[in-house]
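*Asks:*
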Amino acid sequence: MMFQKILVPVDGSETSWKALETARSLAEKYEGSLIVTNVMVPYGAGNLLQMSLDQTLIDQNNAAMKKAGYATLDLAKEKLAGYKGEAEYKEAIGNPAEQILELCNAEKCDTIVIGSRGLSGVEEFLLGSVSSKVSQYAKVPVVVVK
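If you're matching positions, the sequence shown starts at 5 in my numbering and goes up one per residue.
1) From Asn66, Ala67 and Leu77, pick the residue whose C-alpha is nearest to that of Asn42; which is it?
2) So who's on the other strand from Ile116, going by DSSP bridges?
3) Counting only the same chain and skipping the five closest in sequence on each side, list residues whose C-beta sits under 7 Å from that of Ala27.
4) Could you check what DSSP says for Tyr141 in three-state terms: helix, strand or coil?
5) To the nearest angstrom, how far is the alpha carbon of Ala91 from that of Val40?
6) Using the beta-carbon count (16 or more within 10 Å), is Gly86 buried or exposed?
7) May I ask which residues mark the beginning and end of the alpha helix (DSSP H) holding Leu30?
8) For Ala91, which beta-bridge partners are listed by DSSP?
9) Leaving aside the five residues before and after Lys1 along the sequence, list all residues of the same chain whose C-beta is less than 6 Å from its C-beta, in chain order.
10) Relative to the C-alpha of Tyr34, which residue among Val146, Met5 and Val138 is closest?
Quick look at the structure:
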């Protein structure tokens with residue numbers, strides 16, 4: 005049965021909030037649960053067009069990234085206010101597509117609902133979107149929300 009355990013990655017983009025709303029509707033309709041995740045990409049982990057920086061600046065950037073990631077999950081909680089089903093919130097650090105697929109497997113999710121475009125801009129254009137990679141490699145159905 006689908007939509008019993010839905011993974012929904014959020015990054016603060018408009019399409020990720022649409023995906024969250026879609027996942028909520030599916031979970032409510034089919035009495036499923038949600039796992040909401042935010043994958044934080046540390047500075048220096050494959051970022052294109054980056055300059056070499058000293059460790060202090062990298063550490064500051066990564067601290068800001070974590071703070072933004074937690075704020076995104078807090079906003080997701082607010083957006084799910086009134087949701088009567090079960091919801092868990094998990095943060096991850098690393099390559100977004102890989103982390104989403106690993107979490108899906110680890111949590112035995114039966115569906116992934118993901119926004120079609122996130123916040124990655126130039127990298128997405130050059131490397132392919134996270135949603136494309138997730139839908140290509142996931143072992144469960146993937147709903148891509150535009």
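Note that the Cβ used here is the ideal one computed from N, Cα and C, for glycine as well. Values in this document were obtained by computation on a predicted structure and should not be read as measured data.
*Replies:* The short version:
1) To locate residue 42, count along the sequence shown from 1; it is residue 38. Closest by alpha carbon: Leu77.
2) As a first step, residue 116 is located in the sequence shown; it is residue number 112 there, counting from the start. Partner(s): Leu11 and Val146.
3) Here the question's residue 27 lines up with position 23 in the sequence shown. Ile10, Val12, Leu38 and Val117, listed in sequence order.
4) Reading the sequence shown from its first residue, position 137 is the one you call residue 141. Of the three classes helix, strand and coil, the one that applies to Tyr141 here is helix, per DSSP.
5) The residue given as residue 91 occupies position 87 in the sequence shown. The residue given as residue 40 occupies position 36 in the sequence shown. Rounded to the nearest angstrom, the two C-alpha atoms are 7 Å apart.
6) Stepping through the sequence shown from its first residue, residue 86 is reached at position 82. When all chains shown are included, Gly86 counts as exposed.
7) Working through the sequence shown from its first residue, we reach residue 30 at position 26. Run containing Leu30: Glu18 to Tyr34, per the alpha helix (DSSP H) assignment.
8) Locating residue 91 in the sequence shown gives position 87, where the first residue counts as 1. In DSSP, Ala91 forms a bridge with Leu38.
9) For the chain, the structure presents residues 5 to 150; residue 1 sits outside this window and is missing.
10) Sequence index remark: in the sequence shown, residue 34 carries index 30 (1-based). That would be Met5, whose Cα lies nearest to the Cα of Tyr34.
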